[in-house]
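So the structure is just underneath, and the comments pick up after that.
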Amino acid sequence: MADINPLAPAMPLAIDPEIGGPPTAPIGGVPPRAGRPAVRFGRLGPTLVLILCAIFFIAPLLTLARYALQNVPTIRLGASTMFDKWSLSGLTKAFSDKQFGPTLRLSLKLALGTVTLTLALLLPTAIWVHMRLPRMRAVIEFVTVLPYVIPAIALVAGIVVVKPHARWFLDSDYSLVPFYVILALPFTYRSIDAGLRSIDLKTLVDASRSLGAGWGTTLRRALVPNLRTAIISSAFLTTAVVLGEFTIASTLLKNTLPTFQATYVKREPQGGYGLNLLALVATTGLFALLTVATRKRGSRKVKSALTDPAMAETMAFAGITRSQQGR
Amino acid sequence: MTNIIAASDGTAVGGRTVRAAPVARARKRLSWAWLGVVPFFAFLLLFLIVPAISVFQQALHNNDGSFGFDAMKAAVQGQNLDAFWFSVRFSAGASAVGVIIGTLLAYAAVTAKRPKWLRSLVTSFSGVAANLGGLPLAFAFITLLGRQGVLTKILSYFGYNLYAGDFQLGQVSGLITVYAYFNIPLMVLITLPAIDGLKASWREAAANLGGSSFTYWRRVGIPVLMPSLLGGFLLLFANSFSAFATAKVMTDNSKIVSLRLGFFLGGDINVGQDAIGYALAAWMVIIMGVCMGFYWMLRKRAERWQT
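Those sequence lines, one after another, are chains S and G.
With the working numbering, letter number 138 in the first sequence gets 138, and the count goes up by one each step, no holes.
With the working numbering, letter number 180 in the second sequence gets 180, and the count goes up by one each step, no holes.
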């Protein structure tokens with residue numbers, strides 16, 4: 001009698017690891033046999049994949065850091081010289097190069113111009129389409145992937161054709177801005193579209209308008225604060241893309257930071273590797289900043305643009321843009 | 001009777017006239033609403049469509065300068081055909097590697113329960129890694145796998161010569177390795193929503209009907225994931241095929257179509273063959289168009305099981 005546990009009836013209710021509660025459907029048949037190799041392998045496989053991927057993704061960064069920061073020829077590299085001569089001298093040399101300042105400034109200006117033009121063009125268009133032309137959404141969505149159909153290297157071929165007819169425009173360094181807006185379109189539009197889909201646009205606009213606000217005030221005080229995440233994400237992603245754009249800038253012979261990076265490596269390998277390492281660190285920093293800037297407070301589950309499933313496609317598309325023009 | 005009902009819910013008999021009015025109003029409003037997207041389309045036309053059309057206009061030339069398909073034909077013959085074939089091969093390889101490892105990684109991240117932060121770490125890192133690089137990535141791989149690279153040295157210390165075979169950063173094997181760096185995280189981002197869409201109850205239902213884990217994957221899991229996987233393959237293929245700067249830094253291999261195009265534009269190949277250069281660009285646009293078209297169709301299918 002004493003060995004009848006009062007809790008016993010609760011025990012057979014197996015907790016399903018997939019959903020963290022009792023099974024939604026009774027599981028018939030044979031229960032999984034403990035110690036079956038497949039069970040252990042099932043855990044081993046994913047862990048192995050994770051570890052191998054981690055090594056693959058970190059190794060090139062470490063070796064780049066070594067070349068950038070350690071002044072030991074490869075031939076003499078070994079266990080004994082592993083920690084010799086690490087310094088920032090390559091980097092400081094690159095910073096003091098007289099081309100570094102101007103190219104960095106130009107790239108920053110291009111990034112600022114691209115972000116501004118993108119928002120000025122896309123925010124009103126996307127809001128308008130959501131409010132008045134919902135049937136156009138599919139069309140616009142398709143149109144915004146056209147920059148993948150016409151990749152940067154093909155686009156620049158077209159620019160070269162047009163160039164003799166529009167020298168007054170294309171000779172200026174800032175003529176890159178509209179093309180960068182185009183290249184960024186797939187992910188900037190997706191980011192803003194996802195933002196608009198997550199809010200009740202019509203109610204917000206109606207409420208704001210009925211309180212006597214004009215369109216400008218509505219946009220500034222009702223919509224932009226609600227689209228914060230979308231706007232910040234597209235701004236950061238665009239900045240990252242512009243600061244790395246190489247294809248168009250190098251073909252049109254513009255002296256932006258990436259073209260300087262490419263030529264400087266040939267002159268000063270160590271400093272050049274240093275600059276490239278810095279570019280990687282800066283991009284990562286930009287994304288860390290993006291995570292902090294878009295972190296949603298209040299909700300218990302911390303969500304940011306980087307881990308938000310609704311943003312996954314935006315991030316993927318940004319990556320594709322990078323590889324077409326930046327890589 | 002019917003009249004009373006019609007009056008009470010405003011649908012039946014009298015409804016037709018009542019309903020006709022808003023439709024007419026909506027149509028009237030629509031006719032002006034399109035003006036709102038004119039700036040956007042004008043911008044697109046000017047900075048994307050016009051350059052694209054001028055590429056085709058330059059490409060559609062015969063040897064004597066008249067309109068025709070000579071240049072388009074020449075761009076897929078001889079060395080140019082070799083280049084396209086080479087590019088298709090390494091892009092397909094890089095894309096396959098990305099799809100397989102990316103899906104495994106996404107699955108590992110979703111199913112691993114223990115460290116709770118693992119999933120968000122993998123997603124965040126994929127977001128960053130997919131966007132890392134450009135030139136820096138190419139240089140990073142040169143320091144790892146180049147002739148003087150660290151891994152090359154380590155391997156040769158253990159008596160293995162990495163460069164003994166046909167390995168080179170600019171050849172198929174090298175390009176696949178380097179492009180995997182951005183293709184894998186891209187695939188993770190593309191496929192995560194699809195893997196999230198696999199419901200636990202499906203697996204239970206399969207088990208309930210006596211299906212093994214293998215049967216579940218063969219009959220349920222893989223078919224549901226298939227549109228996402230194929231779509232991902234096409235996207236990664238397009239991505240690898242048109243990537244330029246990474247390849248440009250690592251190699252001078254003119255078998256890579258995007259580099260070959262770059263040489264034409266940079267004037268390394270003589271001016272008389274201009275039309276062939278533009279024809280290369282035109283073919284590239286066509287290939288990208290086909291890939292993205294199919295991707296678009298598959299994406300619509302893939303979305304069915306998501307949300």
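Glycine residues also receive a C-beta, built at the ideal position from the N, C-alpha and C atoms.
Predicted model only: the values in this text are computed from it and were never measured.
Between residue 147 of chain S and residue 185 of chain S, the C-beta gap is smaller than 9 Å, which places the two residues in contact. In this structure residue 239 of chain G is in contact with residue 186 of chain G, their Cβ atoms being roughly 7 Å apart against a cut-off of 8 Å. Your pair residue 154 of chain G and residue 94 of chain G does not check out as a contact, with CB atoms roughly 24 Å apart and the cut at 8 Å. Distance between residue 40 of chain G and residue 227 of chain S, taken at the CA atoms: about 20 Å. Excluding the 5 residues flanking it on each side, residue 233 of chain S has same chain C-beta neighbours closer than 7 Å at 191, 290, 294, 305, 311, 314, in chain order. The Cβ atoms of residue 183 of chain S and residue 248 of chain S sit closer than 9 Å to each other. If you check each beta-carbon in the stretch 113-126 of chain S against every beta-carbon of chain G, the ones closer than 8 Å belong to 121, 122, 124, 125. Looking from the CA of residue 276 of chain S, the closest CA among G/138, G/165, G/75, G/127 belongs to G/138. Beta-carbon to beta-carbon, residue 153 of chain S and residue 242 of chain G are separated by about 6 Å, close enough to satisfy the 8 Å threshold. For residue 284 of chain S, the nearest CB of chain G lies under 9 Å from its own CB, placing it at the interface with that chain. The beta carbon of residue 150 of chain S falls within 9 Å of a beta carbon belonging to chain G, placing the residue at that interface.
Inclusion of residue 240 of chain S and residue 318 of chain S in the CB contact set at 9 Å is warranted, their separation being smaller than that value. By the CB criterion at 9 Å, residue 278 of chain G and residue 263 of chain G fall outside the cutoff. Spatial neighbours of residue 87 of chain G in its own chain (CB-CB distance under 8 Å, excluding positions within 5 residues in sequence) are listed in chain order as 241, 255, 256, 257, 258.
Note on residue 79 of chain G: under 16 other CB atoms within 10 angstroms of its CB, so exposed under the neighbour-count rule. DSSP links residue 86 of chain S through a beta bridge to S/70. The C-beta distance from residue 106 of chain G to residue 228 of chain G rounds to 10 Å, too long to fall under 8 Å, and the pair is not in contact. Note that the C-beta distance between residue 49 of chain S and residue 104 of chain G is below 9 Å. Here DSSP, grouped into helix, strand and coil, assigns residue 244 of chain G to coil.
If you look at residue 165 of chain S, you'll find it isn't in any alpha helix (DSSP H); DSSP assigns it neither H nor E. Scanning G/58, G/169, G/221 for the CA closest to the CA of residue 194 of chain G turns up G/221. Under a criterion of Cβ atoms nearer than 8 Å, the residues of chain S adjacent to residue 289 of chain G are, in order, 149.
At a cut-off of 4 residues, not a single continuous stretch assigned as alpha helix (DSSP H) sits fully inside the stretch 82-127 of chain G.
Excluding five sequence positions before and after residue 286 of chain S, the CB atoms of its chain that fall closer than 8 Å to its own CB belong to 236, 239, 240, given in chain order. Residues 206 of the same chain have their beta carbon placed closer than 8 Å to that of residue 215 of chain G, with the five preceding and five following residues left out of the count.
DSSP, read as helix, strand or coil, puts residue 67 of chain G in strand. With respect to the 9 Å criterion, residue 273 of chain S and residue 246 of chain G are not classified as neighbours on the basis of their beta carbons. Selection S/288, S/264, S/55, S/243 evaluated against residue 114 of chain S yields S/243 as nearest (Cα-Cα).
Measuring C-alpha to C-alpha distances from residue 97 of chain S to each of S/292, S/268, S/284 identifies S/268 as the nearest.
Taking CB atoms only, residue 76 of chain G has no neighbour in chain S less than 9 Å away.
Contact between residue 91 of chain G and residue 244 of chain G is ruled out by a C-beta separation of about 13 Å, above the 8 Å threshold. Neighbours of residue 215 of chain G in chain S, taken as residues whose beta carbon is under 9 Å from its own, are absent, since the nearest beta carbon is some 12 Å off.
Among the bridge pairs identified by DSSP, residue 61 of chain G is matched with G/67. Here residue 248 of chain G is buried. Its C-beta has 16 or more other C-beta atoms within 10 Å.
Identification of residues in the stretch 145-176 of chain S having a C-beta nearer than 7 Å to some C-beta of chain G yields 145, 146, 147, 148, 149, 150, 151, 152, 153, 154, 155, 156, 157, 158, 159, 160, 161, 162, given in sequence order.
In this structure residue 210 of chain S is exposed. Its beta-carbon is surrounded by fewer than 16 other beta-carbon atoms within 10 angstroms.
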